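Since the structure comes first, as structure tokens, the remarks are kept for the end.
Residue numbers (this note's numbering), protein chains in the order written: chain R, 16 to 544; chain C, 65 to 391.
Have a look at this one:
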């Protein structure tokens with residue numbers, strides 16, 4: 016019977032065909048034992064959400080230095096706790112990648128997309144019983160603004176020029192420059208709403224669960240908020256999050272049933288985990304991507320021919336297969352993922368081509384090229400291996416890539432943006448504008464390739480204020496092409512977020528903006544009966 | 065009264081304790097300086113570590129100003145030292161919580177795991193060591209030597225994974241993660257920490273057992289044991305009443321070293337079993353450059369070492385009649 020369960024699990028996961036399933040079952044002499052309901056008619060019957068149970072999450076990305084302050088939220092444990100269980104933002108990203116109102120009830124812009132009128136949902140109460148009004152919202156956004164703010168979200172709210180309270184449930188926000196994506200900015204996980212005067216560290220928010228206990232880096236326990244303003248969220252009675260940073264410990268905890276859900280699975284052993292009958296994998300092709308950054312203000316990378324040569328010397332498919340074991344998607348040298356709204360699917364896919372690399376090298380007036388590539392696993396897990404593979408594929412194109420392994424500790428302050436050619440990762444952004452303005456605009460602090468392209472920067476401003484969808488798509492399409500063909504960043508791979516859960520857990524198509532259904536598995540998922 | 069005083073001063077044990085405590089304080093001062101210099105020498109500071117890739121220059125500057133990280137290093141060190149002298153450990157820079165609160169529970173957990181392991185490992189090591197000495201060069205002796213040395217030769221995490229695979233994944237006897245909570249009953253707690261406890265026992269057993277064996281064998285070769293043997297005293301009585309008391313000093317020292325290791329050196333085991341001890345706090349604090357927490361944990365570890373070594377010396381002296389009754 017164990018064997019049959021395994022077969023059934025393989026079939027449900029789509030790893031074997033129905034024909035293959037029957038063949039193997041017959042060989043094993045078990046065909047008669049297959050339940051008649053196992054092969055559903057048409058699509059798998061959707062099982063609706065159900066209340067109850069305690070969800071236990073084994074969470075990687077916890078630290079004893081964690082705090083509940085929305086201005087910090089460094090890693091998964093706090094992001095899923097504060098944004099996923101305890102709190103809400105004005106807007107949220109649904110599983111179609113659209114910004115929809117959450118604590119706001121409606122949002123509308125002026126014709127030039129520079130003034131936004133936000134109406135708040137009425138009757139929302141904080142966990143301490145206080146009713147949420149415009150004052151709380153203004154306070155919550157102002158935490159991240161101002162000169163003395165130490166918030167990581169400071170650059171996100173920078174475009175906000177003023178926030179005016181119209182009445183208790185309405186606010187008007189003026190932006191310094193027009194931005195059609197402003198509703199998307201309000202979905203940011205730092206911008207959760209706290210009561211006026213609070214910094215969030217007492218755990219009082221508006222969310223689906225109330226904080227019962229919290230031990231930084233170790234464990235948090237939340238219980239369902241009976242006064243939550245949404246009926247269709249928060250299905251569990253309690254949610255226990257256990258910080259488990261060791262990937263093997265996390266996997267074992269799931270295997271032995273000590274937790275129901277883990278994040279960030281190990282790719283090397285994933286096929287064994289996938290084969291276990293009572294475990295399901297949750298895969299999300301999100302915005303996260305891994306990059307090789309060249310500083311375009313430094314020779315030889317200041318020559319676009321050199322950059323193009325290097326771009327053609329990366330074997331993307333090999334990286335996907337070898338470093339990411341197939342759980343990744345090849346990139347096209349721009350940071351916009353297939354999950355984004357204006358992804359340019361019509362751009363031809365860049366592939367490994369030693370001849371083209373040589374051609375561009377010649378165009379740059381070189382026979383051979385020798386570069387130092389700085390990398391460390393701090394950039395992303397597998398970045399050192401990726402560097403080695405890059406060296407091999409580049410060697411065949413006449414480029415000598417010297418892989419310099421840097422210490423993990425302090426990588427972001429000492430290597431990234433300092434060394435002319437290094438590995439990096441981006442969590443990605445939900446909108447094209449946020450991604451480009453953060454890392455490709457000429458005056459952006461994180462423009463790690465120091466790329467300055469006039470046409471690109473003009474388009475960036477135009478597209479930001481453009482409310483016409485068709486024009487916008489064309490503009491962002493052109494920008495993706497510019498980054499791809501003239502930019503200073505190689506984007507070989509988009510990552511796949513992989514979580515693993517017990518089969519008892521049910522969920523809809525997950526939102527891909529962040530790991531674990533946009534950090535919100537605890538709110539959106541449920542236990543099947 | 066004066067006689068009592070002079071007895072105290074003249075008594076070598078008290079004299080030694082006094083001296084060692086004074087030296088210990090000096091050691092702590094030096095250690096705090098070394099830790100400070102060490103963490104300062106690491107690249108980056110708390111602001112950059114916490115903000116990570118998101119570190120904008122102006123945010124970092126605001127962060128530093130708020131936490132007074134922009135003051136010169138020596139000023140910060142002496143401010144900290146002054147506060148510690150008054151018994152004030154200060155607040156964590158990263159979370160703003162009082163350090164005593166952060167460390168208290170975790171230190172208790174560390175002591176709980178170390179204590180439980182010691183209660184299992186020390187008697188076991190002594191008994192096995194005596195058995196090995198008694199049946200020297202027999203198959204029992206060899207088996208014990210080979211198996212304990214094998215256990216100590218593997219890295220801790222490897223032993224831990226083997227135990228998890230066998231006792232947790234294969235046969236669901238014990239939980240694979242030992243996430244204990246504040247309100248757990250003692251029996252549940254003990255069940256939860258079984259696997260880390262066994263792992264650590266395997267790691268420390270060989271050292272103590274081998275030392276017991278060697279020390280006893282050493283004594284067994286002395287003339288007075290031969291005398292006892294000739295008198296016809298039973299083997300066990302010779303070992304227990306005559307050999308062991310004379311072999312105690314080195315054994316006590318090794319036990320103290322291993323106890324200290326159980327308190328300060330088990331971070332790998334903590335990570336593998338997700339045990340909320342002090343080691344994990346120290347590692348996290350170093351990676352975030354949370355200096356006051358690193359200092360406080362470092363001092364606790366140093367106190368543990370100094371204290372246990374002192375205890376070992378005192379006990380070793382007390383086990384020696386010549387030192388116990390000075391002229």
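No residue lacks a Cβ here, since even glycine has one placed at the ideal position from N, Cα and C.
As the structure is a prediction and not an experimental result, all values here were calculated from the model.
{"Check": "When the Cα atoms are used, what is the spatial distance from residue 381(C) to residue 200(C)?", "Outcome": "28 Å"}
{"Check": "What does residue 257(R) reach in chain C if we use C-beta pairs closer than 8 Å?", "Outcome": "241, 243 and 338"}
{"Check": "Kindly list the residues whose CB is nearer than 8 Å to the CB of residue 119(R), restricted to its own chain and excluding five residues on each side of it in sequence; keep chain order.", "Outcome": "105, 106, 133, 134, 135, 136 and 201"}
{"Check": "Given this structure, state the Cα-to-Cα distance separating residue 407(R) from residue 317(C), to the nearest angstrom.", "Outcome": "55 Å"}
{"Check": "Roughly how many angstroms lie between the CA atoms of residue 353(R) and residue 131(C), to the nearest whole one?", "Outcome": "42 Å"}
{"Check": "In three-state terms, what does DSSP make of residue 486(R)?", "Outcome": "helix"}
{"Check": "So is residue 158(C) in contact with chain R if we call contact Cβ pairs under 8 Å?", "Outcome": "yes"}
{"Check": "Determine the extent of the alpha helix (DSSP H) in which residue 194(C) is found, giving its start and end residues.", "Outcome": "163-198"}
{"Check": "Output yes or no for whether 8 Å exceeds the beta carbon distance between residue 279(C) and residue 228(C).", "Outcome": "no"}
{"Check": "Can you tell me which of the three DSSP states residue 446(R) falls into?", "Outcome": "coil"}
{"Check": "What in chain R is Cβ-close to residue 233(C), meaning under 7 Å?", "Outcome": "267, 270 and 271"}
{"Check": "If you measure from the beta carbon of residue 253(C) to each beta carbon in chain R, is any gap under 8 Å?", "Outcome": "no"}
{"Check": "Look at the Cβ atom of residue 397(R), then the Cβ atom of residue 304(R), and state whether they are nearer than 8 Å.", "Outcome": "no"}
{"Check": "Which partner residues of residue 241(R) appear in the DSSP bridge assignment?", "Outcome": "None, per the DSSP bridge assignment."}
{"Check": "Looking at chain R, which residues of the region 131-152 of chain C have a Cβ within less than 8 Å of any of its Cβ atoms?", "Outcome": "none"}
{"Check": "With a cut-off of 8 Å on the beta carbons, I'd call residue 515(R) and residue 240(C) a contact; round off their distance for me.", "Outcome": "Actually they do not touch by this definition, with Cβ atoms about 15 Å apart."}
{"Check": "Between residue 90(R) and residue 212(R), what straight-line distance do the alpha-carbon atoms span, to the nearest angstrom?", "Outcome": "25 Å"}
{"Check": "Is there a C-beta anywhere in chain R that falls below 8 Å from the one on residue 362(C)?", "Outcome": "no"}
{"Check": "Does the contact criterion of 3 or more C-beta pairs under 8 Å hold for the region 452-460 of chain R versus the region 420-429 of chain R?", "Outcome": "no"}
{"Check": "For the region 179-201 of chain C, which residues have a beta carbon sitting closer than 7 Å to at least one beta carbon of chain R?", "Outcome": "none"}
{"Check": "With burial defined as no fewer than 16 other Cβ atoms inside 10 Å of the residue's Cβ, what is the status of residue 337(C): buried or exposed?", "Outcome": "buried"}
{"Check": "Quick one: what's got a C-beta closer than 7 Å to residue 236(R)'s C-beta in the same chain, skipping five residues either side?", "Outcome": "227, 228, 253 and 255"}
{"Check": "Identify which residue in 277(C), 281(C), 282(C) and 306(C) has its Cα closest to the Cα of residue 291(C).", "Outcome": "306(C)"}
{"Check": "Tell me, please, whether the CB atom of residue 354(C) is closer than 8 Å to any CB atom in chain R?", "Outcome": "yes"}
{"Check": "List the endpoints of the continuous beta strand (DSSP E) containing residue 417(R).", "Outcome": "414-420"}
{"Check": "With a threshold of 8 Å between beta-carbons, can residue 284(R) be considered close to chain C, or not?", "Outcome": "no"}
{"Check": "Check distances from the C-beta atoms of the region 318-346 of chain C to those of chain R and list, in chain order, the residues that come in under 8 Å.", "Outcome": "335, 336, 337, 338, 340, 344 and 345"}
{"Check": "By DSSP, does residue 311(R) sit in helix, in strand, or in coil?", "Outcome": "coil"}
{"Check": "Verify the CB distance criterion: does residue 231(R) have a CB-CB separation below 8 Å to chain C?", "Outcome": "yes"}
{"Check": "Assuming residue 495(R) and residue 359(R) make a contact with CB atoms under 8 Å, what is their CB distance in whole Å?", "Outcome": "4 Å"}
{"Check": "Starting from the N-terminal side, write out each stretch of the alpha helix (DSSP H) that is 4 residues or longer and does not extend beyond the region 252-334 of chain C.", "Outcome": "258-284, 287-295 and 308-328"}
{"Check": "Are the CB atoms of residue 113(C) and residue 127(C) nearer to each other than 8 Å?", "Outcome": "no"}
{"Check": "Once you ignore the five residues that flank residue 239(R) on each side, which residues in its own chain have a CB closer than 8 Å to its CB?", "Outcome": "223, 224, 225, 249, 251, 252 and 253"}
{"Check": "Three-state secondary structure (DSSP) at residue 389(R)?", "Outcome": "strand"}
{"Check": "Given that residue 169(R) touches chain C, what residues does it touch there, using C-beta distances under 7 Å?", "Outcome": "120 and 123"}
{"Check": "So residue 261(R) contacts chain C; which residues on that side make the cut at Cβ distance below 8 Å?", "Outcome": "335, 336 and 338"}
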